[in-house]
Amino acid sequence: MRRLSNAFREWRQLRARVREEYSFHIDRAAADLRATGLSRLEARRLARSRFGGCRHLRMARRELGGGPAGLSVLLRAHRVLASAWLQPAILITSTLLIVLVSPAPRVIVESVIGMPLPSAARRMVFFASPAPWPLFTGITAREFETLRSLPALTDVARYRGIYVRAVARDGVALDAVESEARLRTGNSGIRLASQFEQKRIGMGPAITAWILIGCSAFFALRSRGKGRWLLYAIFTGCMHMLVSLTAWAFAIQLWSRMSWPNGLTSEGSLCLLLVTYLLASAVQSGHWMRDLDRRCPICLERLLLALTHGDTGRLLLRTAVTESICARGHGVLVESRWNRRFRPEESPLDELVHS
Numbered sequence: 001m002r003r004l005s006n007a008f009r010e011w012r013q014l015r016a017r018v019r020e021e022y023s024f025h026i027d028r029a030a031a032d033l034r035a036t037g038l039s040r041l042e043a044r045r046l047a048r049s050r051f052g053g054c055r056h057l058r059m060a061r062r063e064l065g066g067g068p069a070g071l072s073v074l075l076r077a078h079r080v081l082a083s084a085w086l087q088p089a090i091l092i093t094s095t096l097l098i099v100l101v102s103p104a105p106r107v108i109v110e111s112v113i114g115m116p117l118p119s120a121a122r123r124m125v126f127f128a129s130p131a132p133w134p135l136f137t138g139i140t141a142r143e144f145e146t147l148r149s150l151p152a153l154t155d156v157a158r159y160r161g162i163y164v165r166a167v168a169r170d171g172v173a174l175d176a177v178e179s180e181a182r183l184r185t186g187n188s189g190i191r192l193a194s195q196f197e198q199k200r201i202g203m204g205p206a207i208t209a210w211i212l213i214g215c216s217a218f219f220a221l222r223s224r225g226k227g228r229w230l231l232y233a234i235f236t237g238c239m240h241m242l243v244s245l246t247a248w249a250f251a252i253q254l255w256s257r258m259s260w261p262n263g264l265t266s267e268g269s270l271c272l273l274l275v276t277y278l279l280a281s282a283v284q285s286g287h288w289m290r291d292l293d294r295r296c297p298i299c300l301e302r303l304l305l306a307l308t309h310g311d312t313g314r315l316l317l318r319t320a321v322t323e324s325i326c327a328r329g330h331g332v333l334v335e336s337r338w339n340r341r342f343r344p345e346e347s348p349l350d351e352l353v354h355s
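In this text, residue positions in the sequence shown follow my numbering: the first is 1, and each later residue adds one.
Okay, here's the thing in structure tokens:
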């Protein structure tokens, strides 16, 4: 983040220099015009019109590097994109933005972590009595009165006509409440569900996809590096998984809020959403692995100055070899059609110490 702040600080200094220069010439021109007898406001208005207004100011900023193009040049000059912490920062920021724009951020967070957040609402429970149609009538009046008499429940009330909503007291196990409700009502089919279970988003497809990605990446990462590089790979992989799961929960949340004309359209859109998510996860994991391949295993900086020599059409003799170097002098990454290895560079002092 220090590189990013340095780039922005230099960019703001360029813009401030242009602004100060522009103000200086405006003030000098206004002073000359006031000497001719014009008022202060009239002199400044005429001076601004002579200098072309804001259009010329924007042109000057562009020429001196104070525009968007100049900012991109400074970001490259300070090697912001090569920083090891840029990608985790972008992933964490993307996750927070998805949660903030969600219509129900709490549901997304609870669905991703797989457990309810601590609050009084987590003690809210729902009772249902499922049965095949047309026998399904919901919670009867007698069963409702029985549930109201349970000492472990408070604020017992009807919910959507056929269900019952209540709040379980602190320290009471929900399994014990369900067993007691079945025993007192004599209905063994009564089911108890917490508010978390009612509103949670199904994360099964997303978790399954990332389990497969993690298993395939395990064998690749184990053979490519170790130590600090491996820890960084695991950390960034977890960040990719987090933003991907959050995006899936957000997409399902929006899908469930849409009104579909029929069940076929709803199921078709859900299948399309699942296929899109799987393709996006594959692209995301591919970008994750390519980014790891382009980093130094010692300082985790992006390698640069890639040079390829040899013949790309040959398979055995004089095959193409690409070499990328670390900007901090830690070594060279040598890649060919058949192998890939990082060759550390030792200084003459290191050779003298070893000898």
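All residues carry an ideal CB built from backbone N, CA and C; glycine is no exception.
Q.
At the 9 Å Cβ level, is R19 part of the contact set with chain C, yes or no?
A. The structure shown contains no chain C, having only a single protein chain.
Q) What is the DSSP secondary structure of R340, counted as helix, strand or coil? A) On the sequence shown, residue 340 is found 340 positions in, with the first residue counted as 1. Strand at R340.
Q: Hey, could you find the ends of the alpha helix (DSSP H) F407 is sitting in?
A: The structure shown does not extend to residue 407, since the chain is modelled only from 1 through 355, so no value can be given for it.
Q.
So A181 and L147 are supposed to be a Cβ contact under 8 Å. How far apart are they, rounded?
A. Position 181 of the sequence shown holds residue 181. Position 147 of the sequence shown holds residue 147. With a Cβ gap of about 6 Å, A181 and L147 count as contacting.
Q. Using the C-alpha atoms, what's the distance from A35 back to S25?
A. Indexing the sequence shown from 1 puts residue 25 at position 25. Indexing the sequence shown from 1 puts residue 35 at position 35. Per the sequence shown, the amino acid found at residue 25 is His instead of Ser. For H25 and A35, the distance between alpha carbons rounds to 16 Å.
Q. Roughly how many angstroms separate the alpha carbons of E20 and V73, rounded to a whole number?
A. The residue labelled residue 20 in the question sits at position 20 within the sequence shown. The residue labelled residue 73 in the question sits at position 73 within the sequence shown. Each residue's alpha carbon lies about 22 Å from the other.
Q | Distance between L71 and N6 (C-alpha atoms, nearest Å) | A | Mapped onto the sequence shown, residue 6 falls at position 6. Mapped onto the sequence shown, residue 71 falls at position 71. Using only the alpha carbons, I get a separation of about 11 Å.
Q.
If you reduce the DSSP assignment to three classes, tell me which class I190 lands in.
A. Counting from one through the sequence shown, the residue named residue 190 turns up at place 190. Here I190 sits in coil by DSSP.
Q) Excluding the five sequence neighbours on either side, which residues of its own chain have a C-beta within less than 8 Å of the C-beta of P344, listed in chain order? A) One-based indexing of the sequence shown puts residue 344 at position 344. These residues qualify, in order along the chain: I298, H330, G331.
Q: Quick one: measure Cβ to Cβ for Q87 and T236, integer angstroms, because I've assumed they're closer than 8 Å.
A: In the sequence shown, the residue the question calls residue 87 occupies position 87. In the sequence shown, the residue the question calls residue 236 occupies position 236. Indeed, because the Cβ distance is near 6 Å, the residues count as touching under 8 Å.
Q.
If distances are taken between C-alpha atoms only, which option among N262, V334, S324, M124 comes closest to D170?
A. Position 170 of the sequence shown, counting from 1, holds the residue named residue 170. D170 has its Cα closest to that of M124, out of N262, V334, S324, M124.
Q | Residue from A60, R28, S111, D291 whose Cα sits closest to the Cα of R45 | A | Position 45 of the sequence shown holds residue 45. Looking at the Cα atoms, R28 is the closest of the given residues.
Q) Among V243, W338, L304, which has the Cα closest to the Cα of T93? A) Locating residue 93 in the sequence shown gives position 93, where the first residue counts as 1. If we check each option's Cα against that of T93, V243 comes out closest.
Q.
Using CA atoms only, rank isn't needed, just tell me which of G65, L38, H240, R62 is closest to V283.
A. Indexing the sequence shown from 1 puts residue 283 at position 283. Considering only alpha carbons, the answer is H240.
(Q) Quick test of the definition: if touching needs 3 or more C-beta pairs under 8 Å, does the stretch 255–263 touch the stretch 186–193? (A) no
Q.
So, at 7 Å on beta carbons, what are the nonlocal neighbours of F250 in its own chain, with the 5 sequence-adjacent residues on each side left out?
A. Walking along the sequence shown from the start, residue 250 turns up at place 250. If we look at F250 and ignore the five residues flanking it on each side, its Cβ neighbours are I98, S102, I108.
Q: Compute the Euclidean distance between the alpha carbons of D291 and A217, then round it to the nearest angstrom.
A: Residue mapping note: residue 291 aligns to position 291 of the sequence shown, counting from 1. Residue mapping note: residue 217 aligns to position 217 of the sequence shown, counting from 1. Going from the Cα of D291 to the Cα of A217 covers about 13 Å.
Q) Going by other Cβ atoms of all chains shown within 10 Å of its Cβ, with 16 needed for buried, is T185 buried or exposed? A) Sequence index remark: in the sequence shown, residue 185 carries index 185 (1-based). It is buried - the Cβ of T185 has at least 16 other Cβ atoms within 10 Å.
**Q.** For Q253 and A104, believed in contact at Cβ under 8 Å, the rounded distance
**A.** Locating residue 104 in the sequence shown gives position 104, counting from the first residue. Locating residue 253 in the sequence shown gives position 253, counting from the first residue. Contact holds; Cβ gap of about 6 Å.
Q | Cβ neighbour criterion (16 or more within 10 Å) applied to E110 | A | Here the question's residue 110 lines up with position 110 in the sequence shown. Buried, by the Cβ-count rule.
Q) Which stretch, first to last residue, makes up the beta strand (DSSP E) that contains V164? A) Counting from one through the sequence shown, the residue named residue 164 turns up at place 164. Residues 163–168.
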